[in-house]
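Per the numbering used here, the sequence shown starts with residue 295, numbered consecutively. The structure appears below as structure tokens.
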Amino acid sequence: MKCIYCGSEMEKIKTSVSASWGKYKIEIEGVEPYVCIPCNHKVYDPEEAKMIQEIARGYADSELVEKPVFLNVEEVSDLLKVSQQTIYNMLKDGRLSASKVGREWRFNRNAVERLFAPQAVAARGNTISNSDLDIISSLLGE
Numbered sequence: 295m296k297c298i299y300c301g302s303e304m305e306k307i308k309t310s311v312s313a314s315w316g317k318y319k320i321e322i323e324g325v326e327p328y329v330c331i332p333c334n335h336k337v338y339d340p341e342e343a344k345m346i347q348e349i350a351r352g353y354a355d356s357e358l359v360e361k362p363v364f365l366n367v368e369e370v371s372d373l374l375k376v377s378q379q380t381i382y383n384m385l386k387d388g389r390l391s392a393s394k395v396g397r398e399w400r401f402n403r404n405a406v407e408r409l410f411a412p413q414a415v416a417a418r419g420n421t422i423s424n425s426d427l428d429i430i431s432s433l434l435g436e
């Protein structure tokens, strides 16, 4: 591959690359771009370029960034990867709860995230109350 700037031959060399996203800057080691030795121009494979962007974006979107406690309809639809109409339908049928502030609905982020939390209920022994036992006995005719 020839360099588009100086016309020299480019070599594939393992190096590190600085990537930034927003106010964050990270260093990624082990990347193998084509490097022009005379002018130091680098060309990345499309897969590596995408990987660098995804790592930088993931770092910027990580837990280090403070997330809002309350979300609007658009933010909830982005979080759940569904349409805004689906959010309104979930609100109407009770799957989501929200409060109306002015003209907009506000959702508690923790409540929205709990929708998809694993819900396991362990079976409990000897939890039948005396009133339950009386009702069952009367229904069975005992």
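Even glycine gets a Cβ: it sits at the ideal position worked out from N, Cα and C.
What did DSSP end up calling residue i once you bin it into helix, strand or coil?
{"i": "A414", "result": "At A414 the pLDDT is 48, less than 50, meaning the model places this residue with poor confidence; the figure from the coordinates comes in the next sentence. Coil."}
{"i": "E407", "result": "helix"}
{"i": "K317", "result": "coil"}
{"i": "S432", "result": "helix"}
{"i": "S312", "result": "strand"}
{"i": "S425", "result": "helix"}
{"i": "S302", "result": "coil"}
{"i": "R400", "result": "strand"}
Is residue i buried or exposed, if buried means 16 or more other CB atoms sit within 10 Å of its CB?
{"i": "I298", "result": "exposed"}
{"i": "C300", "result": "exposed"}
{"i": "F401", "result": "buried"}
{"i": "I430", "result": "exposed"}
{"i": "I381", "result": "buried"}
{"i": "M384", "result": "buried"}
{"i": "A411", "result": "exposed"}
{"i": "P405", "result": "Residue identity differs from the one stated: residue 405 is Ala in this sequence, not Pro. When all chains shown are included, A405 counts as exposed."}
{"i": "L365", "result": "buried"}
{"i": "L390", "result": "buried"}
Assuming residue i and residue j are in contact, meaning their beta carbons sit under 8 Å apart, how far apart are those beta carbons, in whole angstroms?
{"i": "E321", "j": "S312", "result": "6 Å"}
{"i": "E369", "j": "Q378", "result": "That pair is no contact at about 10 Å."}
{"i": "I331", "j": "E305", "result": "7 Å"}
I'd like the list of long-range same chain contacts for residue i, defined as Cβ closer than 8 Å, with 5 residues on each side in sequence excluded.
{"i": "E342", "result": "V325, E326, P327"}
{"i": "A414", "result": "Residue placement at A414 is poorly supported in this model, since its pLDDT is 48, which falls under 50; the coordinates still yield a value, given next. Contacts found: none."}
Can you give me the Cβ contacts of residue i inside the same chain, cut-off strictly under 6 Å, excluding the 5 residues immediately before and after it?
{"i": "D426", "result": "none"}
{"i": "Y338", "result": "P327"}
{"i": "K336", "result": "P327, V329"}
{"i": "V363", "result": "R403"}
**Study point:** Within the segment 321-391, ranges of the beta strand (DSSP E) (whole runs, at least 3 residues)
**Key:** 328-330
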